[in-house]
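Residue numbers (our numbering): 158 to 555.
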């Protein structure tokens, strides 16, 4: 049979055939996972089997559909269940616990009204009710970081501040001496609007904080609020400020919780941080737990954080995205006990297990959040407005 001459070059016809074929193929590509400090890692394509990663700290695999990645950090497991169009580069770094010790000789006697100091480094804080002396820390990270000293008056209000950048090493000693000119490092004019009207009636616990973030990521809390908002001072050497508000129905499970994190793109900002609506999930009291009623009424819902934790620091935490759920309202944490590197990730009989389900609403995408680490507090994602509505239950493992 003769082939009709279409008038199109043969390469153009071939390209059109490939294009039509690709329209029916799921979106996918190569996934590259970063998990610095991981003891073990595994992945699976939806519907497939778990595959251990040869290098748990960095590995890649090919997918044409939704996938799951699990990373073990000591007794903690962090997981993401996601689609390729949401992210192909998930970051699930393990927490780095500092063990370096260093000292700071401080002197704020030249700052009139100063009676105490707060000292802030990359992963911690310390305080001293004195105008001069030595602060020693033992849980620091090494490497270049911003060290911040804040002088406070008798009401614990900041009245002066200074920052030095040091390549911190174990056993080092640094000196920070303030003059009256360091009062100029405080910026007035910031505020947190009253958020009390968004706290459900009868709830007993709430707390808000405004903090300044330095160029190298040191968090410096500047003001804490309970029951409402108010003004705060910022730091002129900081890069930007953030506001965090959290409310809880009561102190013991079962309880509901609400939170909001707003990361600004400047300093001395006016934050509006009303809390989201309450979320009601359903959970099975067994392990691995199942979660249902995963539905929440915000237009920018990115997924659900589902977690079981027990003992001192044992947990299984999963971020399950809306793309992965694809309209489903249920998800069960996978059983990883037979996967290489994940043995022992189960509660023992008698352990008190806390289950948490949180709806996550964000003006940033999963891909944008991944750059900060999908199992971390995304303090460095500028412009972020993250609203979290939680439901917490508890049971005793049989």
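We put the beta carbon where it would ideally sit given N, CA and C, even for glycine.
* Asked: In terms of residues, what are the limits of the alpha helix (DSSP H) holding residue 545?
  -> First-last for residue 545: 542-553, but that is the beta strand (DSSP E), not the alpha helix (DSSP H).
* Does DSSP put residue 339 in a helix, a strand or coil? -> helix
* Asked: Grouping DSSP H, G and I as helix and E and B as strand, with all else coil, what is residue 316?
  -> strand
* Backbone CA spacing between residue 252 and residue 436 [nearest angstrom] -> Each residue's alpha carbon lies about 28 Å from the other.
* Asked: Is it buried or exposed for residue 428, if we count other Cβ within 10 angstroms and need 16 for buried?
  -> buried
* To do: Would you give the residue range spanned by the beta strand (DSSP E) that residue 237 belongs to?
  => Taken as a continuous stretch (DSSP letters only), the beta strand (DSSP E) holding residue 237 covers 233-239.
* **Under the three-state DSSP convention, the category residue 468 falls into** => coil
* C-alpha gap between residue 605 and residue 525, whole angstroms -> Residue 605 is absent from the structure shown; the chain starts at 158 and stops at 555.
* Asked: From residue 317 to residue 533, what does the alpha carbon distance come to, in whole angstroms?
  -> 31 Å
* To do: Check each candidate in 468, 488 and 491 and name the one with the smallest Cα separation from residue 232.
  => 468
* Is the Cβ of residue 278 closer than 8 Å to any Cβ of chain B? -> Checking the listed chains, one finds no chain B in this structure; it contains a single protein chain.
* Proximal residues to residue 336 (C-beta, below 8 Å), its chain only, five neighbours per side dropped -> Excluding sequence neighbours, residue 336 sits near 267 and 268.
* Asked: What's the call for residue 372, buried or exposed, on a 16-neighbour Cβ count within 10 Å?
  -> exposed
* To do: Please classify residue 515: does DSSP put it in a helix, a strand, or coil?
  => In the structure shown, residue 515 falls within a strand segment according to DSSP collapsed to helix, strand and coil.
* To do: Give, in chain order, every unbroken run of the beta strand (DSSP E) that is at least 3 residues long and sits entirely within the stretch 195-266.
  => 197-202, 215-220, 224-230, 233-239 and 257-264
* **Option in 404, 498, 547 and 538 with minimal Cα separation from residue 197** => 498
* **Segment limits, beta strand (DSSP E) that includes residue 524** => Where residue 524 is concerned, there is no enclosing beta strand (DSSP E), although the alpha helix (DSSP H) it sits in stretches over 523-527.
* To do: Closer than 8 Å by C-beta to residue 341: which residues in its own chain qualify, once you throw out the five before and the five after it? Chain order, please.
  => These residues qualify, in order along the chain: 393.
* **residue 300 (DSSP reduced to helix, strand or coil)** => strand
* To do: Starting from the N-terminal side, write out each stretch of the beta strand (DSSP E) that is 3 residues or longer and does not extend beyond the stretch 321-403.
  => 330-334, 343-349, 362-370, 376-382 and 387-392
* If we count the other Cβ atoms within 10 Å of its Cβ and call it buried at 16 or more, is residue 549 buried or exposed? -> So residue 549 counts as buried.
* Which residues in the same chain have their Cβ closer than 6 Å to the Cβ of residue 369, if we skip the five residues on either side of it in sequence? -> 377, 379, 391, 392, 395 and 398
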